[in-house]
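Undergrad: For the sequence shown, my numbering begins at 114 and goes up steadily by one.
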Amino acid sequence: MNNEKYNVVGVIPARYDSTRFPGKPLVDIFGKTMIRRVIDRVRKTKLIDKIIVATDDIRIKENVENYDCAVEMTSKDHHSGTERIGEILSKYNANIYVNIQGDEPFISPQVIDDTIKLLQNNSKFSVTTTATNFQNINEWENPNRVKVVVNKYDEAMYFTRANIPYPRENWKTFSPNTYKHLGLYCYRKEAIIDFLKLQQAEIEKVESLEQLRFLINGYKIGVHITEEESPAVDTKDDLEIIRKWVEKNKIKK
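1) How many whole angstroms separate the CB atoms of Leu232 and Tyr271, which I take to be in contact at a CB cut-off of 8 Å?
2) Is Ile125 near Ile148, with beta carbons less than 9 Å apart?
3) Name the DSSP beta bridge partners of Cys299, please?
4) Consult DSSP for Val177 and reduce its assignment to one of helix, strand or coil.
5) Just to confirm, is the Cβ distance from Thr291 to Val319 under 9 Å?
6) In chain order, what are the residue ranges of uninterrupted beta strand (DSSP E) at least 3 long that sit wholly in the segment 220–270?
7) Checking 9 Å against the spacing of the C-beta atoms, do Ala345 and Gln214 come in under that value?
8) Any idea what DSSP makes of Ala167, helix, strand or coil?
9) What's the call for Lys365, buried or exposed, on a 16-neighbour Cβ count within 10 Å?
10) Since Val155 is in the alpha helix (DSSP H), which residue starts that stretch and which ends it?
11) Can the beta-carbon of Tyr210 be found less than 9 Å from the beta-carbon of Lys118?
12) Indicate whether Val224 and Ile161 have their beta-carbon atoms separated by less than 9 Å.
13) Quick one: give me the first and last residue of the alpha helix (DSSP H) that Val359 is part of.
14) Compute the Euclidean distance between the alpha carbons of Lys293 and Asp216, then round it to the nearest angstrom.
15) Find the nearest neighbour of Lys157 within the set Ser343, Arg274, Ile220 and Glu342, judged by alpha-carbon distance.
16) Near Ile198, which residues of its chain fall below 8 Å by C-beta distance, leaving aside the five closest residues on each side in sequence?
17) Helix, strand or coil: how does DSSP classify Ala275 here?
18) On the DSSP letters alone, give me the boundaries of the alpha helix (DSSP H) that Ile329 sits inside.
19) In this structure, what does DSSP give as the bridge partners for Tyr119?
20) Let's test the definition: count the other Cβ atoms within 10 Å of the Cβ of Lys265 and tell me whether it reaches 16, buried, or not, exposed.
21) Determine which residues share a DSSP beta bridge with Val337 and list them.
22) DSSP three-state label for Lys318, please.
23) I need the boundaries of the alpha helix (DSSP H) containing Glu185, first residue and last residue.
24) Tell me which same chain residues have a C-beta within less than 6 Å of the C-beta of Lys237, skipping the five on either side of it?
25) With a threshold of 16 other CB atoms inside 10 Å of the CB of Arg326, please say whether the residue is buried or exposed.
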């Protein structure tokens, strides 16, 4: 283990063998690989003390090392980003670990910091995550857009791929308690240790959503609601969406 103790460690899981877009961490986005773009954004945060890319491919490792960022080779057998971070625990000692998606090249540094603050300021939460408002009905109906129901105490009540809540009557607007989930997570160290010991929950298998393992076992997940959302790269077609989004929002390339 690294002998240095950190308050907050940011981990960027980066797999090469993506089913829909193999090699996407190394795809070029305005002259830089996508993984380097993510590193750039995390470097702009104020609360993360150490950035680590966790990968299972030597090509990604070399690309990150040449960008002056710490990188760790991790197992190819992990089923989730949380499991991959669990392997990082044995090498980097911290109070909080942040899982930053490796396919969001323009993620907001402020959103990352705000989600960390929510965890730091609320001892009742074991995990915090982010969510935003739906932009249209198609997002709400899309099973690839995860929904989270949030109570008035900023606690996640449930995550699902289904259209929730069900519009029993003439329902024409989104519920104020239902949001589109974004894949940023902040964990207390103890929460990750516990997660790795817990059996996979049946409801987690049904929805294919690992965060349900926390909820079904009574852990509280805090939700930071943000107006800032950046597009993720899941397929090659998303690269064009990124290009248009950057131009529309006048993002510095």
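Note that CB positions come from ideal geometry on N, CA and C, so glycine has one too.
TA: The short version:
1) At roughly 20 Å, the Cβ-Cβ gap does not stay under 8 Å, so Leu232 and Tyr271 are not in contact.
2) yes
3) Val211 and Thr241
4) helix
5) no
6) 240–245 and 260–263
7) yes
8) strand
9) exposed
10) Met147 to Arg156
11) no
12) no
13) Asp351 to Lys361
14) 17 Å
15) Ile220
16) Val124, Pro126, Ala167, Tyr210, Asn212, Tyr300 and Ile305
17) coil
18) Leu325 to Ile329
19) Ala207
20) exposed
21) Here residue 337 turns out to be His, not Val, going by the sequence shown. In DSSP, His337 forms a bridge with Thr243.
22) helix
23) It is not in any alpha helix (DSSP H) - Glu185 instead sits in the beta strand (DSSP E) that spans Ala183 to Met186.
24) Lys333
25) buried
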